[in-house]
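K.L.:
Protein chains in written order, with our numbering: chain A, 1 to 350; chain B, 1001 to 1350; chain C, 2001 to 2350.
No residue lacks a Cβ here, since even glycine has one placed at the ideal position from N, Cα and C.
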Amino acid sequence: MKQTKTVSELADHLGGVVEGDPDILISGLGTLETAGPEAITFLANPKYAAKVEQTSAGAVLMAPGGERFGHTAILVDNPYLAFAKLLTLFYTSTHEALGIMPGANVSDSAVIAEGTTIYPGACIGKNVKIGSRSVIYPGVAIYENAVIGDDCTLHANSVVRERCRIGNRCILQPGAVIGSDGFGYAPDGNGYYPIPQIGIVILEDDVEIGANSCVDRAAIEVTRIGRGTKLDNLVQVAHNCKIGEQCMIVSQVGISGSTTVGNHVTLAGQVGVAGHITIGDNVLVGGQSGVASSLPGNASYSGSPTIPHKEWLKSSMVFPRLPEIKKTVASLEKRIAELENRLNQISKEN
Amino acid sequence: MKQTKTVSELADHLGGVVEGDPDILISGLGTLETAGPEAITFLANPKYAAKVEQTSAGAVLMAPGGERFGHTAILVDNPYLAFAKLLTLFYTSTHEALGIMPGANVSDSAVIAEGTTIYPGACIGKNVKIGSRSVIYPGVAIYENAVIGDDCTLHANSVVRERCRIGNRCILQPGAVIGSDGFGYAPDGNGYYPIPQIGIVILEDDVEIGANSCVDRAAIEVTRIGRGTKLDNLVQVAHNCKIGEQCMIVSQVGISGSTTVGNHVTLAGQVGVAGHITIGDNVLVGGQSGVASSLPGNASYSGSPTIPHKEWLKSSMVFPRLPEIKKTVASLEKRIAELENRLNQISKEN
Amino acid sequence: MKQTKTVSELADHLGGVVEGDPDILISGLGTLETAGPEAITFLANPKYAAKVEQTSAGAVLMAPGGERFGHTAILVDNPYLAFAKLLTLFYTSTHEALGIMPGANVSDSAVIAEGTTIYPGACIGKNVKIGSRSVIYPGVAIYENAVIGDDCTLHANSVVRERCRIGNRCILQPGAVIGSDGFGYAPDGNGYYPIPQIGIVILEDDVEIGANSCVDRAAIEVTRIGRGTKLDNLVQVAHNCKIGEQCMIVSQVGISGSTTVGNHVTLAGQVGVAGHITIGDNVLVGGQSGVASSLPGNASYSGSPTIPHKEWLKSSMVFPRLPEIKKTVASLEKRIAELENRLNQISKEN
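1) Is there contact here, the segment 159-178 of chain A with the segment 1222-1229 of chain B, by at least three beta-carbon pairs under 8 Å?
2) Is residue 178 of chain A buried or exposed, if buried means 16 or more other CB atoms sit within 10 Å of its CB?
3) Determine contact between the segment 2238-2257 of chain C and the segment 2214-2221 of chain C, defined as no fewer than three beta-carbon pairs at a distance below 8 Å.
4) Which chain B residues sit within Cβ distance under 8 Å of residue 2329 of chain C?
5) What runs of the beta strand (DSSP E), each 3 residues or longer, lie entirely inside the segment 2200-2249 of chain C?
6) Could you tell me the alpha carbon to alpha carbon distance between residue 1 of chain A and residue 112 of chain A, rounded to whole angstroms?
7) Quick check: the Cα distance between residue 283 of chain A and residue 1128 of chain B, rounded to an integer number of angstroms?
8) So with CB distances below 7 Å, who are the chain B contacts of residue 2232 of chain C?
9) Quick check on the DSSP output: what are the complete alpha helix (DSSP H) runs of length 4 or more inside the segment 92-124 of chain A, in order along the chain?
10) What does DSSP give as the partner residue(s) for residue 165 of chain A in the beta ladder?
11) If I measure Cβ to Cβ from residue 1075 of chain B and keep anything under 6 Å in the same chain, skipping five residues before and after, which residues do I get?
12) Note down, in chain order, every chain C residue with its Cβ under 7 Å from the Cβ of residue 316 of chain A.
13) Grouping DSSP H, G and I as helix and E and B as strand, with all else coil, what is residue 320 of chain A?
14) Is it the case that the Cβ atoms of residue 1142 of chain B and residue 1122 of chain B are separated by a distance below 9 Å?
15) If the cut is a Cβ gap below 7 Å, which residues of chain B does residue 2319 of chain C touch?
16) Please classify residue 2137 of chain C: does DSSP put it in a helix, a strand, or coil?
17) Quick check on residue 1193 of chain B - is its C-beta less than 9 Å from some C-beta in chain A?
18) Would you say residue 216 of chain A reaches chain B, if we count a Cβ-Cβ gap shorter than 9 Å as a contact?
19) What are the boundary residues of the alpha helix (DSSP H) that includes residue 2059 of chain C?
20) Please say whether residue 1287 of chain B and residue 1352 of chain B have beta carbons closer to each other than 9 Å?
21) Tell me which residue opens and which closes the alpha helix (DSSP H) that residue 8 of chain A is part of.
22) For the alpha helix (DSSP H) containing residue 52 of chain A, name the first residue and the last one.
23) Do we get a CB-CB distance below 9 Å when we pair residue 2150 of chain C with the residues of chain B?
24) Would you call the segment 1242-1252 of chain B in contact with the segment 194-205 of chain A, where contact means no fewer than 3 C-beta pairs closer than 8 Å?
25) Would you list, in chain order, the members of the segment 1124-1151 of chain B that have their beta-carbon closer than 7 Å to a beta-carbon of chain C?
26) Checking the sheet assignment: what are the DSSP bridge partners for residue 2291 of chain C?
27) Strictly below 7 Å CB to CB, what residues from chain C border residue 1336 of chain B?
28) Taking 8 Å as the cut-off, does the segment 2053-2062 of chain C touch the segment 2034-2042 of chain C (at least 3 CB pairs, one atom from each stretch)?
29) With a Cβ-Cβ cutoff of 9 Å, do residue 1295 of chain B and residue 1280 of chain B count as a contact?
30) Kindly indicate which residue of B:1190, B:1032, B:1011 has the alpha-carbon position closest to the one of residue 1025 of chain B.
31) For residue 1160 of chain B, name the three-state secondary structure that DSSP assigns.
32) Mind pulling the chain A residues with CB within less than 7 Å of residue 1270 of chain B?
33) Would you say residue 159 of chain A lies against chain B (beta-carbon separation less than 9 Å)?
34) According to DSSP, is residue 2042 of chain C part of a helix, a strand, or is it coil?
35) According to DSSP, is residue 1346 of chain B part of a helix, a strand, or is it coil?
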């Protein structure tokens, strides 16, 4: 995995411009504090600009116009993105195709494309289709008639239930569950009659599902996660939800049934969302908020129930002063009563 | 799985009454919007009554007295329940008994009843008992001396630890964990001494546990989930809890140790419940609420800490106006001081 | 497992002092209510002191100075800890070493120490090292180059990803995930470019991770859980966090990326912690709180955002009275306006 590149080669790879010595050899990456002379680092946040002066890094990724303090720099529009791309270049590699390994349980009717690895302990059901170059780790269970796209990674003990469809380049972290039964019951007087959950889940391309997160299958149609959307760990998406494209759903968020979430939405950690509502595009919801009704797009919200984020900040600042306010109101009440008495007295006297 | 029934046959199945043509052939189900002429739909919520006029469905399930707009109808007391029963009729089937499949690891001392399926990758420990017609999916681990009832479904990678007892017709969604060690430690001055958790979990009949939910074993006795209670995904039930019958515990709820929950209780999503308290029968707790002390039955609560739901609604409406209230109080204070001054002036003058 | 000891032997084991009959035979443990004459019980909380009178237990663990009501007692400084130690003595046993069992998948290059058990269905990757007397339950997946210490217990379907390091005497409850990819993406204009998460997780000695909890690997360095720290079920620890020693992280807590938590910190259930902040030593955070910024040590906090716990309690008591306060303020406003009018009238008249 260890390789060495010149600054010039890295600049070509990134579409960046070298300032300084293009021939410096780079064999790794580090932070401004930890990178040594054979490593490249990056400056993304201007507030750390002064740290560039002290860095021992061999080269620095920075935006055009930054002060390089005599260091060699590669100028790129998005230094953070460039750093991520170099991490990929230096530290990752395509998984070697190992085929169906001994100890894997694969149904005879499953169709497994070329370049795929299926580890021991994985179980692939009837009529499952798995695309090219996908990697299925130990303990993964794929139920009958499910479809997995190309270049997917299903980490250990993740589960895809019957008929669900996973797009290309999707990643399931360990323990992720796709297609568990939606939580639907019809009260029958005595208790709850379970409503068969006969729908499916569709993950579009480039979706990532975090460790131990759950996406329930629809009651009769489709629970859908849009292209490029990322779910962090321990997230719950209930049946019939439609999540848009390029959303960031942070850890421990829960989204109730039949809710629609637009594109480019960020739900911060532990947010709860009610069922049967709609969240508009480009919405940002602050951590632990409770979304009880539909939210118009292009705005930020916080609180439980949610209100515009700035208003929530202001009200939250007042919350710790409630005891004082209560006391003040009570004292004002007394002072007013006294004023009224005195004024009545004066009126009478006049 | 595909089958066709007459409206008359369906009415018999449901105990309903046909209005219109009893001989229409039905082969599936759909919503008022999506059902075609060979499908049956339902009207449960009167606010959608007008949609019946436009539906293309071959027949409609509705309550007696509804307007059927010339469509054939089956009159039933609970159209939603009837729809669920027809979903079961048309779209589900009993799992074929496949026995102990190759690749399953079953201890010689385990007792497996007839009609059961144990998929490859499942591991069944010593002296485990599994009832008739139960289905054990890949990757399920059942530890020694556990007991599983009849007609259970244990989905992939669910775990039942030693000596725990699962009733009849229970369902574990993928990744559910029954009998993990309770979180109990005795501080010993330096750190925490782990208290052996030697109790068990009992799931009574007809309990369902959602994907990746956890029910901890009791310290020395029993953590119990009552008959017919349903847990959604990612729910935590700590050691020694007693959950009553026919409860609905929605996703991401957490219940702390030694708490007792009555019958017919609904805890909405992300509710947290403190330890060593009691929640009465027929309680409804709103989403994200924090139950810090015992709650009398037959009432609704919200907030953290919880208060009666209606009071919480009212206080929540005031919360966004706190900055304004604070400002008003400050200005009132000034105006009162001014009034007092003026009145003192007048008093002096008189 | 069943064994019998005299009170005198138990006192020796605990370093306690017998009052009463040292020869009573004890073969089990129970609560003050449930223990019979062959069982020992304990009194830890003085408020239950009166229950000692009625207990049928053969002996009672209690602190010096307690009233034993004629029962035989073992006096110890910490009766709760002593009880836990006797639970260990009576009810637990070292797991018998079963070696690599048939149906386990162990890479040829893995190094497995003596006295270890690897159950069927477990998968051990290349170059993995597992220490002495560790127990690896069914369905556990350990990725390549991971290291597991001595005397560890990895329960069914837990996962340790590549290169992560687990100390000695660590416990992973079922479904726990160590080393899932951190949630890191660089926006690239269209969507999100995944940042390779090339770091690892280190669990120091005596760490316990609850069922279905997740600890993400660092982006480029280490996510660390300190010695003796216990995580309950369904906890999320994001990438690059440093959690100190002897912390108690209760169920469903979520800690965002790059946050540092001190030693002896307790985070109660469902607490959320923002990223890139620091929580000091000996902090206690109340259930469901939201820690939005760094917290100084040696204090208790609650609320979302957190404030000192006592202030939060007071403000929470006022919250239900907000509608009344709002009403009062409005009425005060009217009364003041009226006073002002009357006073203006008087001034004019004078």
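P.N.:
Once the coordinates are examined:
1) no
2) buried
3) yes
4) 1325, 1328, 1329, 1332
5) 2200-2203, 2214-2216, 2222-2225
6) Because the pLDDT of residue 1 of chain A is 48, which lies under 50, any placement of that residue in the model is unreliable, and the question is left without a value.
7) 51 Å
8) 1183
9) none
10) A:147, A:202
11) 1016, 1017, 1064
12) 2305
13) helix
14) yes
15) 1315
16) coil
17) no
18) yes
19) Taken as a continuous stretch (DSSP letters only), residue 2059 of chain C belongs to no alpha helix (DSSP H), being part of the beta strand (DSSP E) at 2059-2062.
20) In the structure as shown, chain B starts at 1001 and stops at 1350, and residue 1352 of chain B therefore has no counterpart that could be examined.
21) 7-14
22) 51-54
23) no
24) no
25) 1139, 1141
26) C:2273
27) 2336
28) yes
29) yes
30) B:1011
31) strand
32) 254, 272
33) yes
34) strand
35) helix
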